[in-house]
Every structure is written in structure tokens, then in C-alpha cells.
Amino acid sequence: MANGTIAANLKTFYEEGTTKSNKGIWSWLLSTDHKRIGLMYLGAIAIFFSVAAILGVLMRLELIAPGETIMEAQTYNSIFTLHGVIMIFLFIIPGLPAVFGNFFLPLQIGAMDVAFPRLNLLSFWIYIVGAILVLVSLILPGGPIDTGWTFYIPYSVRSGTNISLAIFAAFVLGFSSILTGLNFVTTIHRMRAPGMGWFKMPLFVWATYATAWIQIIATPVIGITILLVILERMFGVGIFDPALGGDPILFQHLFWIYSHPAVYIMILPAMGVVSEIIPTFARRTIFGYRAIAMSSLAIAFVGYLVWAHHMFTSGMSDTARIIFSLLTFIVALPSGVKVFNWVATMYKGSIDPKPPFLWVMSFIVLFSIGGLTGLVLGALATDIHLHDTYFVVAHFHYVMFGGTGTIFFAALYYWFPKMFGRMYNIKVANWGVGLFFVAFNLLYFPKFIMGYLGMPRRYYDYLQEFSSWHLISTVGSWVMLIALILVIGNIVYSIFKGEKCSSNPWGGVTLEWHTQSPPPLLNFQEIPTVKHEPYDFSQLEEMKNES
Amino acid sequence: MSHNEQAVESHGHVHRDDVGAKMGMWLFLFTELLLFGGMFLIYAVYRFQYPEQFHFAGMELNTTIGTINTIILLTSSLTVALSITALQKGNKFLSIIMLTITIGFALFFMVNKYFEWSAKVSHGIYPGSEEMLNKQNGEILFFGLYYVMTGLHGLHVLIGIVLLTFILVMIIKDKIISTDLVKLENSGLYWHLVDLIWIFLFPLFYLIQ
């Protein structure tokens, strides 16, 4: 029992819920089981991602040639704003923590649930309310918002579209994020299985821990900023209005004090997932466990101090700009520590290139390109040239979509057998990763070049000289659409029709692989006692004997 | 299997971890501090930018009402603490009395706030009014911040009233008892935070002149 036994006779969490009736929609909607909540998030997030991805494809289609192609300029403004708002606030910020954090954090620390199961359900419902508010803001008279996802003052006060409602939705979503964050921090502090010291926690738990702290520390600042914008629109208080003595730059500062750490909310859990997948498929303990764990905390801490690098051209003293530039370079160090440790883990490993591992490989390439171009933007001199161009768009998509988005799929493909007890089609999955990688570079790499040549971001129209690059990018968006259909379709099909598989198809050793697939309601037959280091593969033999 | 069935019964609702519950509450209070922190930051920036105009605008606030409200909130913090201690010692009746007094103080605070704000509004001092627009920039910002910050604080007092009333009902119905009172303690923590924020708002608006 030392490592938890694989007992096939327990009912799975699909068959047994926390509500009185185990069947029907309410046994899901009112469930306090972290696994069901995680799956509900997955469903909601998948829908929002698809909607925003289609908006992205429409944007690319408009940009296939100069001038009006399929939509008017105002529609284009709304669509790029919605693409950003939905992708950021509804998909990528909650994505990994809410889906995989919820599902696997308690499993990985050997707990029965999170610390506050009912609060967890409340977070989910607050998230849904926020999402509904976003959708309502689209159809109300006034029209969908057109400010870009950054809601910059003064346009967000002057625009006649439904800004107040849409940003209130962001406030509500932030509240959900805070509650999830404090739930996770408390869970990690209080619910670890016996024997699991801080440095025996899997690295995904460390990453989620650092993320949860950022959610707690940064999100309230965007909360108050959003409230101020709403008050400004309703009463004209003047805090951001220069005519009344206010300062619009102050809005930018407050906005980025949240929104820069928010990109680490997006990327840190992804880095945690990478640290899970690489040891499992390299059959080798992680290289530099403590360095990776601590670098998560370092990123969380330093990431909080770099916000003004978004504002190098907004008007700041040179001293401030130099300091923020320096800090931006420093935050690249812990990210580098992680990448080198991952690569070192693979060295002399017995690598088994299954789909999750291929996703991770594609992540390392895409994220490295994204990260290094981030340094180009973090340097003062080059930033003046590249600021507000497609270079920024490309950088952002490489780190966010190429980073977090890719890892979202990696996590899905890695933990799918645990979540559903079934296996997807490996061959189709391999093709999916490959096509995704090609499509991604086709879609976004031309943007680096366009940005370098001076194409400004968010523009509806452009000069003839950019048209071939835009054409390549648009073609890339079609290939990307095919790749996504392949990748998501494989998963959806396999949820219902996939072959049943064993409880540990990859040979993972962290605690979630010690229980059956799908796990029972309380995760383990008996709370396991942890005796091994998190990535000690010598226990694989023991685990085989147990089953 | 029997082990599992037992565990199902204890799932979620019966699972009890008072230390965990308090930790969650402290984390939540931390986010509240940061929420107000954004406002204090803005206050600091504009006070630095317009020191004299903030000085003059501050003289127009009613220090008497401010002082009375400070005394009210400080005392209510005491009574909520007494309510917790009373229940810990098993004195349910005293706990109920003290909590009722706390809620009474909170209502009293809001009544004062109502009179204070309506006096200001009747003098034409509110965001967007003609009187305000004729003032200097620093004064406009001072009063803008005054309304936003005390308004946000007032909203927290209102939430506190609702929260403490729920807790009161739970104590009366014996849902919160001397051996299981972490909900009361956490609500008390929230109330202390509301008090604490006022302790900073009071000098910044009413006293520093």
C-alpha cells in the first residue's frame, strides 16, 4: 500500500458523485468534486477557445488582401477585441489551472479534494457568469467592444460600445481566478499526503502554487482598475482624465501591474506540465528539481516587477525605462534555467516519443523563439522600433499560443487516459502535432518579418508591400484550422469511442498514476504515503507488482 | 468498500480544517488589501502632484463626523472580538448581544455616511457637477477619490452587515457553536479589515491638512 494500490473494483467518479442523485445534468452542475469541476471547465473552455479561434480565422481572412475583404473596419475592431478578450480572459488565464490544476492538483498531492470544495464550485459558477456577461455585451445595443483587450484610456471611456459591461465581466472573471488561487494555495499547504514534503511535490504542483500566488497578488489590482474605468464612464470622476487633472498613463501602469504578471499566470502552469511530461517520456528523473521548483517562484516574484516594459514609448523617465528593461532581462534567467534543465533531463534518457512528448518538443522550439524575441522587445533601443508592430503580435502568439496553448494540448494528451480511462488514436495524434507545428510557423512567423518591416498591429488596412506576408499568414490560419480540427476531433471522438486503456499507459510515477483510471470519487482507495522522490522511476517495478 | 462509503459521507461538507479555513480567509483579506492598495497608490500619486490643492480640499470635509465614525468602527471591532471570545467561553447569549451591537454600529456608521455625503452633494460637490468643474484639478481629484474610496469602503461595510447578520442567525440556530466557530472568527477578521482600512482613510482625507 506504500504507493497506493490499483484496485479496479472501485466506482469511478463518473459513476459516483457528491450530489444525492448520481445521474443527470445537476449531478454535474452542483458537484463539488474537483474532477467533475475540472471537466466542466474543460467543456466551457473548449467552447470559448473554438469561438475565439474562429474569430481569429475571420480576422486573418479579412487581412488576406489590402482594403475591405469580408467586413467593415468597425466589425474588424470588434472582432480583434473579442478574439483577445475571449482568448485571454476565458481561455488562457483559466485554462491550465482551472482544468488541469483542478483535476490533477489534489491527485498529485494525494488528497481527496481541494481545501474548499464548495468554494471551488462557486469559482466555476462565477466564471460562467463572467462568460455570460461577455456574451451579453455582444448583443446589447451599443455593440461589441472595440478597444482591444487592453481597454486603454481614453478610448475606453469615450467609445460608445458596451465597455462597462464587458470589463465588468473581466472583473467577475478575476474574482473567480482569485478564489481558485486561494483555494489552491490552501490546498497545497494543508492537504499534502503523509510523507510529501515541499521538495517531494511534483513540479506541476510547484508551478500551480506559484501561479496561485500571482492570481492572489495581481488580480485585485486589475479589479480596482476596472471599477475605476466603469466609474469614470458613469460619473466622470476624472482620475484618468487629463482635463480634470488625472493621468491616463496611470491607467496603463495599473493595467499592466496585473496584466504582466497575468502572462505568468498563463505560462507557469504550462512549464509545470512540461516538467511532468519530460521525465515520464525520458524515463529519467528530472534534472535540477530544486532549480526548476525555485525558478517558478522566482518568475512569479520578478514577473511582478517588470510591468512597465509594455510602456517604453508611453512617456517615462529614462531611469525608469532602464530599470524596467534590466528587470525584464532578469526574468528571462529563471525561464532559461527551466529550458536548460528540461533539455538536460532528456540527455541519456530512454526517450519514448509519444504524442504528449511531441507536443512538448514543439513547445520548447516555439517558446524559445517567443522568449528570445521577448528580449528583443525588452531592450530599449529595439523596442522603440518594434513597439506596436506585428513583431509584438508574433512574439505574444509564440509565447502564449506556442507556449501555453501547445501545452494545453500536451496536458490534454498526457492526462487524457487518466481523465477518461480511454486512449486516443496515436497515429492521428502524431499527425496532429506535426501539422500544428507547421501551421503555427506558417501563421505567425511572417508576422515577425512584417513587424520588423513596420506593419503596425491592429490595423484594418495595409500597404501593398505587406500583402504577400499577409497572404502566407492567412494560408497558415487555414492549415491551423485543419490541425485544430484534427487535434480536438481526435480527443472528442476518443472520449466516447476510444479504446479502454490501463491505469498507467505512459509509465508515470507521480501519484495520479497510482490510482485507477478514471479515479474513484475520493481519488485513492486509501490516502497514499509518499516514500519516493517525485520522479524516481525505480518504483515502476513495484507499481507493476501491485497491479 | 466500507471505508470508502464512510469517506463519501465525510466528503466535502463534514471535512473540517479550521487552520485551513483561516488561512483561506487571510489570503482573501490579502486580496482586499491589494484592491484598496491600488486606490492608495493613486491617492499617493495625486497627493504628490497637487499637495496644496489636496490640502485645501481636505479642509472642506467634516472632521467631526469623520471622528465619530472612527470611534464607532473601532468600538465595533472590539464588540465583534468580544462576541468571538464570549462564544469560545460558551456564553451564547453574550455573543449574540455583542454581535448585534456590532451590526448596530455598522448601521450607525452608514447613517452618518449618508448624512455626510448628502451634505456634500447638496453643496454641489459630486463628480461631474458644475461646482466641481469650476474647482482646480487637484480639488476635483481629491473629491473624486474621496467618493470612490469611502464609497468602496462603505460597500464593504454593507457587505459586512449582511455577512454578520447571517452569522448572527447561525449562532441563534446553533449552527455556529463554541467548538465550531471558525465562520464567526473569519467574519470577525473581515470586520477588522474593514475597520483597518478606515483607519487609513480617516487621516488621509480628514486629518492631513
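Chains as they are written, first to last, in this note's numbering: chain A, 1225 to 1771; chain B, 2 to 210. Ideal Cβ positions, reconstructed from N, Cα and C, are used throughout, including at glycine.
Look up residue i in the DSSP assignment and give the residues it is bridged to.
| i | result |
| --- | --- |
| residue 1647/A | 1723/A |
| residue 1370/A | None; residue 1370/A has no bridge partner. |
| residue 1744/A | 1236/A |
| residue 178/B | 181/B |
| residue 1242/A | Its beta-bridge partners do not exist; DSSP assigns none. |
| residue 1680/A | 1613/A |
Roughly how many angstroms separate the alpha carbons of residue i and residue j, rounded to a whole number?
| i | j | result |
| --- | --- | --- |
| residue 175/B | residue 87/B | 14 Å |
| residue 1598/A | residue 124/B | 53 Å |
| residue 1470/A | residue 1358/A | 29 Å |
| residue 103/B | residue 33/B | 21 Å |
| residue 112/B | residue 1529/A | 42 Å |
| residue 109/B | residue 79/B | 16 Å |
| residue 1333/A | residue 1437/A | 18 Å |
| residue 1665/A | residue 146/B | 48 Å |
| residue 1649/A | residue 1735/A | 25 Å |
| residue 38/B | residue 1754/A | 41 Å |
| residue 1733/A | residue 1638/A | 13 Å |
| residue 1508/A | residue 1538/A | 48 Å |
| residue 101/B | residue 187/B | 17 Å |
| residue 1412/A | residue 1404/A | 12 Å |
| residue 1739/A | residue 1335/A | 12 Å |
| residue 1342/A | residue 1256/A | 6 Å |
| residue 1463/A | residue 1449/A | 11 Å |
| residue 1550/A | residue 1274/A | 38 Å |
Out of the options, which has the shortest C-alpha to C-alpha gap to residue i?
| i | options | result |
| --- | --- | --- |
| residue 139/B | 189/B, 158/B and 51/B | 51/B |
| residue 27/B | 1244/A, 1481/A and 1409/A | 1409/A |
| residue 1586/A | 1479/A, 1760/A, 1364/A and 1628/A | 1628/A |
| residue 1385/A | 1355/A, 1463/A, 1302/A and 1449/A | 1302/A |
| residue 1388/A | 1350/A, 1452/A, 1482/A and 1417/A | 1452/A |
| residue 1636/A | 1601/A, 1580/A and 1668/A | 1580/A |
| residue 36/B | 1331/A, 1398/A and 1310/A | 1398/A |
| residue 1561/A | 1541/A, 1577/A and 1514/A | 1514/A |
| residue 185/B | 200/B, 172/B, 40/B and 68/B | 172/B |
| residue 1393/A | 1604/A, 1377/A, 1277/A and 1352/A | 1352/A |
| residue 1282/A | 1271/A, 1300/A and 1498/A | 1300/A |
| residue 76/B | 17/B, 105/B, 45/B and 63/B | 105/B |
| residue 1674/A | 1448/A, 1361/A and 1618/A | 1618/A |
| residue 19/B | 1296/A, 1340/A and 1280/A | 1340/A |
| residue 1578/A | 1524/A, 1569/A, 1634/A and 1527/A | 1634/A |
| residue 1316/A | 1337/A, 1727/A, 1553/A and 1483/A | 1483/A |
| residue 1486/A | 1572/A, 1294/A, 1731/A and 1402/A | 1402/A |
Can you tell me whether residue i is buried or exposed? The criterion is at least 16 other CB atoms within 10 Å of its CB, across all chains shown.
| i | result |
| --- | --- |
| residue 115/B | exposed |
| residue 6/B | Summary for residue 6/B: the model assigns pLDDT 37, below 50, so the residue's position carries little reliability, and this model does not support an answer. |
| residue 13/B | Confidence at residue 13/B is low in this model, with a pLDDT of 42, below 50, so the placement of that residue should be treated as unreliable; the coordinate-derived value is given next. Its Cβ being crowded by 16 or more others within 10 Å, residue 13/B is buried. |
| residue 4/B | With a pLDDT of 38 at residue 4/B, under the threshold of 50, the modelled position of that residue is not reliable, and no figure is offered here. |
| residue 2/B | Note that residue 2/B scores a pLDDT of 31, beneath 50, so its modelled location is shaky and nothing firm can be said. |
| residue 1347/A | buried |
| residue 1467/A | exposed |
| residue 1344/A | buried |
| residue 1544/A | exposed |
| residue 1326/A | buried |
| residue 1605/A | exposed |
| residue 128/B | buried |
| residue 1752/A | buried |
| residue 65/B | exposed |
| residue 1576/A | exposed |
| residue 1500/A | buried |
| residue 204/B | exposed |
| residue 1542/A | exposed |
| residue 178/B | exposed |
| residue 1726/A | exposed |
| residue 1601/A | buried |
| residue 1400/A | buried |
Is residue i near the ligand FMN, in the sense that its beta carbon is under 7 Å from a heavy atom of that ligand?
| i | result |
| --- | --- |
| residue 100/B | In the structure on display, the ligand FMN does not appear, and there are no ligands present to speak of. |
(request) Determine contact between the region 1510-1524 of chain A and the region 1645-1657 of chain A, defined as no fewer than three beta-carbon pairs at a distance below 8 Å. (result) no
(request) Check whether the region 1587-1601 of chain A touches the region 1618-1626 of chain A, taking contact to mean three or more Cβ pairs, one atom from each stretch, closer than 8 Å. (result) yes
(request) Could you tell me whether the region 1289-1306 of chain A touches the region 1359-1368 of chain A, using the rule of 3 or more Cβ pairs below 8 Å? (result) yes
(request) Kindly confirm or deny that the region 1240-1258 of chain A and the region 1736-1745 of chain A touch, where touching means at least three C-beta pairs closer than 8 Å. (result) yes
(request) Answer yes if the region 1750-1760 of chain A comes into contact with the region 1416-1425 of chain A, meaning at least three C-beta pairs across the two stretches below 8 Å, and no otherwise. (result) yes
(request) Inspect the CB distances between the region 1684-1699 of chain A and the region 1268-1288 of chain A and report whether three or more fall short of 8 Å. (result) yes
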